[in-house]
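Notes follow once the structure below has been shown.
Numbering (this note's numbering), first residue to last: 3 to 155.
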(Lines of atoms letter the chains of each structure in order from A; the text may use other names.)
(Lines give C-alpha, C1' and ligand atoms only; values in the text may rest on other atoms or scores of the structure.)
Protein backbone atom coordinates (compact mmCIF):
# COMPACT_ATOMS: atom_id res chain seq x y z
CA UNK A 3 0.00 0.00 0.00
CA UNK A 4 1.36 3.40 -0.96
CA UNK A 5 2.27 5.51 2.10
CA UNK A 6 -0.38 8.12 1.32
CA UNK A 7 -3.17 5.75 0.35
CA UNK A 8 -4.54 5.61 3.88
CA UNK A 9 -4.82 9.40 4.19
CA UNK A 10 -6.15 9.69 0.65
CA UNK A 11 -8.79 7.05 1.30
CA UNK A 12 -10.07 8.88 4.33
CA UNK A 13 -10.34 12.29 2.80
CA UNK A 14 -13.27 13.41 0.76
CA UNK A 15 -12.84 15.36 -2.41
CA UNK A 16 -14.58 18.65 -2.11
CA UNK A 17 -18.22 18.93 -3.09
CA UNK A 18 -18.90 15.81 -5.08
CA UNK A 19 -21.40 13.01 -5.05
CA UNK A 20 -20.73 9.56 -6.38
CA UNK A 21 -23.66 7.45 -7.36
CA UNK A 22 -23.70 4.29 -5.24
CA UNK A 23 -22.48 0.97 -6.47
CA UNK A 24 -24.76 -0.49 -9.08
CA UNK A 25 -25.12 -4.06 -10.28
CA UNK A 26 -22.60 -5.21 -12.85
CA UNK A 27 -23.31 -3.93 -16.32
CA UNK A 28 -24.78 -6.37 -18.80
CA UNK A 29 -23.00 -4.40 -21.55
CA UNK A 30 -19.70 -6.17 -20.85
CA UNK A 31 -21.43 -9.54 -20.60
CA UNK A 32 -23.33 -8.97 -23.85
CA UNK A 33 -20.05 -8.28 -25.64
CA UNK A 34 -18.32 -11.19 -23.90
CA UNK A 35 -15.80 -8.81 -22.32
CA UNK A 36 -14.05 -10.12 -19.20
CA UNK A 37 -14.88 -8.08 -16.08
CA UNK A 38 -11.31 -8.33 -14.78
CA UNK A 39 -8.28 -6.08 -15.04
CA UNK A 40 -9.97 -2.91 -16.18
CA UNK A 41 -11.72 -4.31 -19.25
CA UNK A 42 -15.00 -2.62 -18.43
CA UNK A 43 -15.53 0.51 -16.36
CA UNK A 44 -17.68 -0.33 -13.33
CA UNK A 45 -20.96 1.53 -13.03
CA UNK A 46 -19.93 3.03 -9.69
CA UNK A 47 -17.41 5.23 -11.56
CA UNK A 48 -20.20 7.15 -13.23
CA UNK A 49 -21.77 10.42 -12.19
CA UNK A 50 -25.45 10.84 -12.94
CA UNK A 51 -26.80 14.00 -14.56
CA UNK A 52 -28.51 15.12 -11.35
CA UNK A 53 -25.29 14.84 -9.32
CA UNK A 54 -23.44 16.93 -11.89
CA UNK A 55 -26.23 19.50 -12.07
CA UNK A 56 -26.52 19.83 -8.29
CA UNK A 57 -22.78 20.19 -7.88
CA UNK A 58 -22.52 22.74 -10.68
CA UNK A 59 -25.12 24.86 -8.90
CA UNK A 60 -23.21 24.57 -5.61
CA UNK A 61 -19.71 25.08 -7.03
CA UNK A 62 -18.26 28.23 -5.53
CA UNK A 63 -15.80 29.70 -7.98
CA UNK A 64 -15.53 32.92 -6.00
CA UNK A 65 -14.80 35.95 -8.13
CA UNK A 66 -13.00 33.94 -10.82
CA UNK A 67 -13.48 35.17 -14.37
CA UNK A 68 -11.55 32.23 -15.84
CA UNK A 69 -11.82 28.49 -15.26
CA UNK A 70 -9.03 25.99 -15.79
CA UNK A 71 -10.18 22.38 -16.12
CA UNK A 72 -7.29 19.95 -15.63
CA UNK A 73 -7.91 16.39 -16.75
CA UNK A 74 -5.76 13.29 -16.81
CA UNK A 75 -2.81 14.71 -14.88
CA UNK A 76 -1.71 11.16 -13.93
CA UNK A 77 0.84 12.43 -11.41
CA UNK A 78 2.77 14.55 -13.92
CA UNK A 79 4.53 16.96 -11.55
CA UNK A 80 5.91 19.09 -14.39
CA UNK A 81 2.44 19.59 -15.84
CA UNK A 82 1.00 20.33 -12.40
CA UNK A 83 3.63 22.99 -11.78
CA UNK A 84 3.00 24.46 -15.24
CA UNK A 85 -0.72 24.80 -14.47
CA UNK A 86 0.08 26.52 -11.17
CA UNK A 87 2.63 28.83 -12.84
CA UNK A 88 0.20 29.73 -15.62
CA UNK A 89 -2.59 30.40 -13.12
CA UNK A 90 -0.27 32.61 -11.04
CA UNK A 91 0.58 34.67 -14.12
CA UNK A 92 -3.06 35.61 -14.75
CA UNK A 93 -4.13 39.15 -13.87
CA UNK A 94 -7.02 37.64 -11.89
CA UNK A 95 -6.73 34.23 -10.22
CA UNK A 96 -8.64 31.58 -12.17
CA UNK A 97 -10.68 28.81 -10.56
CA UNK A 98 -9.07 25.43 -11.13
CA UNK A 99 -11.03 22.18 -11.30
CA UNK A 100 -9.28 18.81 -11.53
CA UNK A 101 -11.61 16.35 -13.22
CA UNK A 102 -10.07 13.15 -11.91
CA UNK A 103 -7.12 10.89 -12.61
CA UNK A 104 -4.66 13.29 -11.04
CA UNK A 105 -2.72 10.34 -9.52
CA UNK A 106 -1.20 7.31 -11.26
CA UNK A 107 2.44 7.49 -12.34
CA UNK A 108 3.55 9.45 -9.26
CA UNK A 109 4.80 6.51 -7.23
CA UNK A 110 7.41 8.60 -5.40
CA UNK A 111 5.94 9.52 -1.97
CA UNK A 112 7.07 13.17 -2.27
CA UNK A 113 5.43 13.54 -5.69
CA UNK A 114 2.31 11.85 -4.34
CA UNK A 115 2.08 14.34 -1.48
CA UNK A 116 2.74 17.30 -3.77
CA UNK A 117 -0.06 16.26 -6.11
CA UNK A 118 -2.44 15.76 -3.18
CA UNK A 119 -1.56 19.07 -1.53
CA UNK A 120 -1.84 21.04 -4.76
CA UNK A 121 -5.05 19.45 -6.02
CA UNK A 122 -6.78 19.82 -2.67
CA UNK A 123 -6.27 23.59 -2.75
CA UNK A 124 -8.69 23.60 -5.69
CA UNK A 125 -11.90 21.85 -6.73
CA UNK A 126 -11.64 18.18 -7.70
CA UNK A 127 -13.70 15.14 -8.54
CA UNK A 128 -12.57 11.54 -8.40
CA UNK A 129 -11.49 9.71 -11.50
CA UNK A 130 -11.21 5.96 -11.92
CA UNK A 131 -7.64 6.04 -10.59
CA UNK A 132 -8.69 7.79 -7.37
CA UNK A 133 -11.65 5.42 -6.98
CA UNK A 134 -9.32 2.42 -7.20
CA UNK A 135 -6.66 3.73 -4.81
CA UNK A 136 -9.17 4.88 -2.20
CA UNK A 137 -10.57 1.46 -1.37
CA UNK A 138 -10.14 -2.28 -1.69
CA UNK A 139 -9.10 -3.14 -5.21
CA UNK A 140 -8.10 -6.04 -7.39
CA UNK A 141 -5.26 -3.88 -8.71
CA UNK A 142 -7.22 -2.71 -11.71
CA UNK A 143 -7.16 0.91 -12.77
CA UNK A 144 -10.59 0.65 -14.36
CA UNK A 145 -9.10 1.85 -17.61
CA UNK A 146 -11.40 -0.11 -19.96
CA UNK A 147 -8.52 -1.35 -22.07
CA UNK A 148 -9.55 -2.68 -25.49
CA UNK A 149 -9.50 -6.45 -26.01
CA UNK A 150 -6.28 -6.33 -28.05
CA UNK A 151 -4.36 -5.21 -24.92
CA UNK A 152 -2.98 -8.22 -23.07
CA UNK A 153 -4.38 -9.14 -19.63
CA UNK A 154 -0.74 -8.94 -18.42
CA UNK A 155 -0.75 -5.17 -18.92
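From the three backbone atoms N, C-alpha and C, an ideal C-beta is built for every residue, glycine too.
Please read all numbers here as calculations on a predicted model, not as lab measurements.
According to DSSP, residues forming a beta bridge with residue i
i           : result
residue 100 : 72 and 126
Chain-order list of residues whose beta-carbon lies under 8 Å from that of residue i (same chain, five-residue window excluded)
i           : result
residue 92  : 68
residue 117 : 75, 77, 79, 82, 104, 105 and 108
Neighbour-count burial assignment, residue i, 16 or more Cβ in a 10 Å radius
i           : result
residue 73  : exposed
residue 149 : exposed
residue 137 : exposed
residue 131 : buried
residue 50  : exposed
residue 151 : exposed
Which of helix, strand or coil DSSP assigns to residue i
i           : result
residue 137 : coil
residue 63  : coil
residue 131 : helix
residue 152 : coil
residue 105 : coil
residue 47  : helix
residue 92  : coil
7 Å Cβ shell around residue i - same chain, five flanking residues per side excluded
i          : result
residue 86 : 120
Spatial neighbours of residue i in its chain, beta-carbon cut-off 6 Å, leaving aside the 5 residues before and after
i          : result
residue 63 : 97
_Count Cβ pairs between the stretch 126 to 134 and the stretch 88 to 96 that sit closer than 8 Å; are there 3 or more?_
no
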